[in-house]
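S.K.: Numbering (full-length UniProt numbering), first residue to last: 1 to 139.
For every residue, glycine included, the Cβ atom is placed at its ideal position computed from N, Cα and C.
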């Protein structure tokens with residue numbers, strides 16, 4: 001794992017002791033980023049069957065994965081009140097790229113507000129989504 005991928009996990013706000021839930025994993029997910037998240041949080045990521053409250057949800061999402069609103073609603077089901085969803089989508093020009101307008105439309109319908117976007121990994125962009133209550137408390 002590179003120092004760069006550790007930095008990317010830190011840019012996602014991952015800290016030691018955090019519970020990170022991962023949804024939408026497939027073989028195209030960035031393994032360096034996944035390893036960095038595990039290393040930085042200090043534990044394996046939990047899946048959709050967890051009973052734990054997640055501090056961060058990583059949602060890998062591709063254009064043909066289905067209904068984004070449904071996926072986002074599922075993502076916040078076990079999210080802490082001040083938790084963050086990182087929607088990870090393929091970058092422009094990559095297979096499965098999701099149009100930004102699709103996210104802009106889906107997030108509020110699912111009860112989320114978009115706060116920022118980053119380059120999360122070589123082929124993936126990260127879109128930070130929070131519940132509006134959490135967005136207000138950070139101002």
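Using a Cβ distance threshold of 8 Å, determine whether the segment 5-16 contacts the segment 59-72, with at least three qualifying pairs required.
M.R.: In short, these stretches do not touch, since the Cβ pair count stays below three.
S.K.: Three Cβ pairs or more, each shorter than 8 Å: is that satisfied between the segment 102-112 and the segment 48-57?
M.R.: These segments do not touch.
S.K.: Would you say the segment 88-106 touches the segment 37-53, given that touching needs at least three Cβ pairs under 8 Å?
M.R.: The segment 88-106, when compared against the segment 37-53, does not touch it at the 8 Å Cβ threshold.
S.K.: Among 16, 133, 131 and 26, which has the Cα closest to the Cα of residue 59?
M.R.: Checking every option, the nearest Cα to that of residue 59 belongs to 26.
S.K.: To the nearest angstrom, report how far apart residue 65 and residue 98 are at their CA atoms.
M.R.: Looking at the two C-alpha atoms, the distance is approximately 10 Å.
S.K.: Got a sec, what are the start and stop residues for the alpha helix (DSSP H) residue 22 sits in?
M.R.: Per DSSP, residue 22 belongs to no alpha helix (DSSP H); it is in the beta strand (DSSP E), 20-23.
S.K.: Does DSSP classify residue 115 as helix, strand or coil?
M.R.: Residue 115: strand per DSSP, three-state reduction.
S.K.: With DSSP run on the structure shown, which of helix, strand or coil describes residue 82?
M.R.: Residue 82 falls in the strand class under three-state DSSP.
S.K.: Rounded to whole angstroms, what is the Cα-Cα separation between residue 90 and residue 120?
M.R.: Computed Cα separation, rounded: 10 Å.
S.K.: Please report the straight-line C-alpha distance between residue 40 and residue 15, rounded to a whole angstrom.
M.R.: Looking at the two C-alpha atoms, the distance is approximately 6 Å.
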